[in-house]
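Below is one structure; the comments refer to it alone.
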Amino acid sequence: MSRKYDELKAVLFVVLLFSISVVLSQQGWADEVVAGPLTTLKNKTVSFFRPLEVKVGSVKDNRVVLDAGLKDGLKAGLRLRVFRKGEPFLHPVTKEVIGSIEEPVGVVEVTGTGDHVSECRVISGKPAAGDIARVSASKVRLLFYQDETVDYYLGDAYYKELKRTKRFELVDAPIEKMDVKQLKGLAEKGSAGVILILSSSDAGNETVLHQKLLWSDGRVISEDSVSIPEEYMATLKTGLEFLSGMEEEPLLTYELPFGAELVGSGDLDGDGRREILLSTGEGLYVYSYDVDLTYLYELSGKSNETVIWFDVYDIDGDGTDEVILVSITGDMGGDASSDESVTIATVPDEVKSYIYKVKKGRFVQLWKTKGFLRVLDGKLLYQKYSGVDIFSGPVREVSTTGGFRIGKVFKGVEGVGIYDFAVAAVEQGKKVYFVMDKDDRLNLYEDGVAIWRDVESMGGYIREYRLASYSIMVESGKWHINDRMTRWKNQVLVVRRVPLVKRAKTIGYKSSQLLSCRYDGGIVKETVLVNDIPGKLLDYTVFDNKIAVVSKPALGFKAGNILKGRNPFVKVLQIYSLKGI
53 MSRKYDELKA VLFVVLLFSI SVVLSQQGWA DEVVAGPLTT LKNKTVSFFR
103 PLEVKVGSVK DNRVVLDAGL KDGLKAGLRL RVFRKGEPFL HPVTKEVIGS
153 IEEPVGVVEV TGTGDHVSEC RVISGKPAAG DIARVSASKV RLLFYQDETV
203 DYYLGDAYYK ELKRTKRFEL VDAPIEKMDV KQLKGLAEKG SAGVILILSS
253 SDAGNETVLH QKLLWSDGRV ISEDSVSIPE EYMATLKTGL EFLSGMEEEP
303 LLTYELPFGA ELVGSGDLDG DGRREILLST GEGLYVYSYD VDLTYLYELS
353 GKSNETVIWF DVYDIDGDGT DEVILVSITG DMGGDASSDE SVTIATVPDE
403 VKSYIYKVKK GRFVQLWKTK GFLRVLDGKL LYQKYSGVDI FSGPVREVST
453 TGGFRIGKVF KGVEGVGIYD FAVAAVEQGK KVYFVMDKDD RLNLYEDGVA
503 IWRDVESMGG YIREYRLASY SIMVESGKWH INDRMTRWKN QVLVVRRVPL
553 VKRAKTIGYK SSQLLSCRYD GGIVKETVLV NDIPGKLLDY TVFDNKIAVV
603 SKPALGFKAG NILKGRNPFV KVLQIYSLKG I
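Residue 53 is where the sequence shown starts when you use the working numbering, and the numbers rise one by one after that.
Given below as C-alpha cells:
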C-alpha cells in the first residue's frame, strides 16, 4: 500500500510540474523558470570561488601582479592564497621527485583585471615573484543570512541552490535583525570565511532579491540583484505545500534536555537582540540562539515556590525588558494519576509576584507583591489571591510611575481571572475582549456583553489543579491557569489541542494548533496560524516575525529517540516564521 501511495504521489507531482510549465510558457517566461531566476545569482556567487591556480608575475610595495586575467576567471574582489614552492620531496624507494613542499606566504585580493593580467593588493604576508596564487578546491565555509524582508520560501530556495553546487559548506545565521558587526562575530564563531547577506524589496509585480557578498573581515566582494516574478514565488510555495502536505515547517527545532514548561522572549540587556527565556517551574533560564541555544545566565528558583507564569516587557521604557514572574508556594505534588492534565495540590499558601531587571548579567529584583501579575496591551495588571476562590476581586492596573503601586480597576471585562482574556481592536479604536470560559471555550465580549461563543472547546486546560481539600468556592475542587492569550496585529492568538482520542483528553494530545482570532465588527474569524505542532503545546512567545513554541510529544515521549539511544522524555522548542502572514 505504501509503495503504491508513493508512486501515486510521484505521478501527481510530475503532473503538477507539467501543469505549471504549461501555464508559465503561456506567460512568456517558461525558459527562465527552467533555469530558475535564482540561477544567475547563484552562478555569480560561485564564480568567485572556482578553483584556479596562477603565477605571481611581479611584486612592488603592496601591489602584486598576477599572470592571469578576466579570461582566466579572475575578477575584482576575488581573494587568493599565495604559496611558495620549497624543497622537492622524493619517493622513498625510487628517489623520483613526486612533488614539492609548499609554504603558505600570504593572501592577495584582486583590485583590477585585464584580459591576461590582474593587479592585487596584499592582505597578509609577503608574496614574491614566482609564487603560486590559488583558490582551493576545498569547500568554502559561508555564513548564510537572510534578513526579515526576504520571503522565507525564497530564501530557502536560494539556500538549496547554493547547497546543490557542492561548493559551499553553509553556516546558518538566525533570521532576525543583525548588522555586519554581529554577522562578522557569527562568521568568526562558525569559522566561515565568507558572509552572504540577502534582503529584498518590492517592484510592482516583482520581488527584487538583493545579495551582498563579503569576506569575513567585512570587505565587500560584490553586490548583485535579481528580479523574481510573482508567478515564480507562487510556484515555490505551491511546490512546498504539495510535498509537505500543506504543513508549516519550523525554521529551527531544539530538543530541550530539561523539562521546560514556559517560554518567553525579550531584550534583557539592551543590545538589540532578543533572548529566549525558559522556565521549568523552578527558576528561569536565559539563552541566546542562532544555530543552537547558548546558555547565558539564570534566575535561581526560590525554595518551595513553583513558577506558574512569566511575561517579558519593557515596563519603564528604557529600551531593556523586565521579567514579570508569578509563583505559588506550597506542596504542588505531581501527577498523581493517569489524568495527566490535573495535578493534585493543596491550596497555595501564597501567590507571589516579582519584577526583575537584568544588570551586568544578573537579575535584580525591582518589586515584590502578593497576588497575580500580568502584562496586557502595554499595561501591568494585578489580581488579588484568595485561598477561598483563588482569583479574587477585580483585575486592577499597576502604576509604574515613581515605583509600583496597585491602582484603579481595569475597565474592560468583569468577573474573569487575570489570565482568561485578551484585548483586540476593531474599527475607530473600539476595543473588544476575547475571553476563555471555564469550559475552555472562547467568547467575545463587546461593551461588557458576550456576543459570541465558539462551538468547540480549545482542548482542555493543561495547567489545572485539583485541590487536596475541597473548597465550595472553587467549582469541582479545581482551579487552572489559562493558556497564554496574546494580541498580535489586532488579532488574538489562542491555543487549540487535538486529543489522541476524542472525548478522552487525559490520554494525551496528538497535535496542537495556534489560532489567530479576529473580529471585524460583524463576525469572528478563526485562522490556523501554525498547524500540526506535534503533541501538546505548552507555551509560546511571539517576537519580531517569528513565534517560538514549547511542546511535549504525544504520550509524553519521543519514540524515535529510544532507537537512537537518546532520552525519549523530551520537551521540544520550535521556532516558526510569521513573515507574510
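C-beta: ideal position from N, C-alpha, C; glycine also.
Whole-angstrom C-beta distance between residue j and residue i, which should lie under 8 Å
{"i": "residue 122", "j": "residue 167", "result": "6 Å"}
{"i": "residue 210", "j": "residue 266", "result": "Wrong, their Cβ atoms sit about 17 Å apart, outside the cutoff."}
{"i": "residue 564", "j": "residue 509", "result": "That belief does not hold up - the Cβ atoms of residue 564 and residue 509 are roughly 13 Å apart, past 8 Å."}
{"i": "residue 163", "j": "residue 128", "result": "6 Å"}
{"i": "residue 496", "j": "residue 545", "result": "Not a contact, Cβ separation roughly 15 Å."}
{"i": "residue 134", "j": "residue 185", "result": "5 Å"}
{"i": "residue 337", "j": "residue 350", "result": "5 Å"}
{"i": "residue 273", "j": "residue 100", "result": "6 Å"}
{"i": "residue 352", "j": "residue 335", "result": "5 Å"}
{"i": "residue 316", "j": "residue 593", "result": "5 Å"}
{"i": "residue 434", "j": "residue 407", "result": "Not a contact, Cβ separation roughly 11 Å."}
{"i": "residue 108", "j": "residue 181", "result": "6 Å"}
{"i": "residue 223", "j": "residue 194", "result": "7 Å"}
{"i": "residue 403", "j": "residue 380", "result": "5 Å"}
Local conformation of residue i per DSSP, three classes
{"i": "residue 239", "result": "helix"}
{"i": "residue 474", "result": "strand"}
{"i": "residue 96", "result": "helix"}
{"i": "residue 61", "result": "Low per-residue confidence applies at residue 61: pLDDT is 45, beneath 50, and the placement is therefore not dependable enough to give any value."}
{"i": "residue 646", "result": "Here the chain has residues from 53 to 633 only, and residue 646 is not among them."}
{"i": "residue 463", "result": "coil"}
{"i": "residue 404", "result": "strand"}
{"i": "residue 146", "result": "coil"}
{"i": "residue 625", "result": "strand"}
{"i": "residue 409", "result": "strand"}
{"i": "residue 366", "result": "coil"}
{"i": "residue 261", "result": "strand"}
{"i": "residue 320", "result": "coil"}
{"i": "residue 107", "result": "strand"}
{"i": "residue 373", "result": "coil"}
{"i": "residue 122", "result": "helix"}
{"i": "residue 244", "result": "coil"}
{"i": "residue 255", "result": "strand"}
{"i": "residue 606", "result": "helix"}
{"i": "residue 619", "result": "Note on residue 619: pLDDT 43, under 50, position unreliable in the model; the coordinate value appears next. Residue state, collapsed to three classes: coil."}
{"i": "residue 332", "result": "coil"}
Residues of its chain near residue i, where Cβ-Cβ distance is below 6 Å and the 5 sequence neighbours each way are ignored
{"i": "residue 366", "result": "373"}
{"i": "residue 236", "result": "270"}
{"i": "residue 589", "result": "547, 564, 601 and 603"}
{"i": "residue 626", "result": "302, 305 and 601"}
{"i": "residue 386", "result": "Low confidence applies here, because residue 386 scores a pLDDT of 46, under 50, leaving its location unreliable; read the following figure in that light. Once the five neighbours on either side are set aside, residue 386 has no close Cβ partner at all."}
{"i": "residue 485", "result": "464, 465, 473, 475 and 497"}
{"i": "residue 345", "result": "306 and 339"}
{"i": "residue 279", "result": "258 and 260"}
{"i": "residue 213", "result": "90 and 94"}
{"i": "residue 637", "result": "With the chain running from 53 to 633 in the structure shown, residue 637 is simply not present."}
{"i": "residue 469", "result": "443"}
{"i": "residue 228", "result": "596"}
Chain-order list of residues whose beta-carbon lies under 8 Å from that of residue i (same chain, five-residue window excluded)
{"i": "residue 371", "result": "319 and 322"}
{"i": "residue 139", "result": "152 and 153"}
{"i": "residue 114", "result": "173 and 174"}
{"i": "residue 577", "result": "569, 570 and 571"}
Residues of its chain near residue i, where Cβ-Cβ distance is below 7 Å and the 5 sequence neighbours each way are ignored
{"i": "residue 84", "result": "Any reading at residue 84 must be qualified, since the residue scores a pLDDT of 36, below 50, and its modelled position is unreliable; the value itself is stated next. None."}
{"i": "residue 98", "result": "217 and 219"}
{"i": "residue 291", "result": "In this prediction, residue 291 scores a pLDDT of 43, lower than 50, which makes its location untrustworthy; no coordinate-derived value is stated."}
{"i": "residue 105", "result": "184 and 186"}
Check: residue i C-beta below 7 Å from any heavy atom of the ligand COA
{"i": "residue 573", "result": "Inclusion of the ligand COA in the displayed structure is not the case, the ligand content being empty and no account of it being possible."}
Quiz item: Looking at C-beta atoms only, is the number of pairs between the segment 143-161 and the segment 190-199 that lie closer than 8 Å three or more?
Solution: no
Exercise. Run through the segment 167-235 for me and flag every whole beta strand (DSSP E) of 3 or more residues, listed as ranges in chain order.
Key: 170-177, 184-187, 192-198 and 220-224
Exercise. Decide if the segment 367-383 is in contact with the segment 303-320; the criterion is three or more beta carbon pairs, one per stretch, under 8 Å apart.
Key: yes
Quiz prompt | Stretch pair the segment 455-471 + the segment 438-447: three plus CB contacts closer than 8 Å | solution = yes
Self-check item: Touch test, the segment 592-599 against the segment 537-548, Cβ-Cβ under 8 Å, three pairs minimum
Solution: yes
Quiz item: Would you say the segment 424-444 touches the segment 468-477, given that touching needs at least three Cβ pairs under 8 Å?
Solution: yes
Quiz item: Below 8 Å, can you find three or more Cβ-Cβ pairs linking the segment 567-579 to the segment 273-283?
Solution: no
Quiz prompt | Ranges of the beta strand (DSSP E) found wholly within the segment 428-461, counting only runs of at least 3 | solution = 431-438, 442-451 and 457-461
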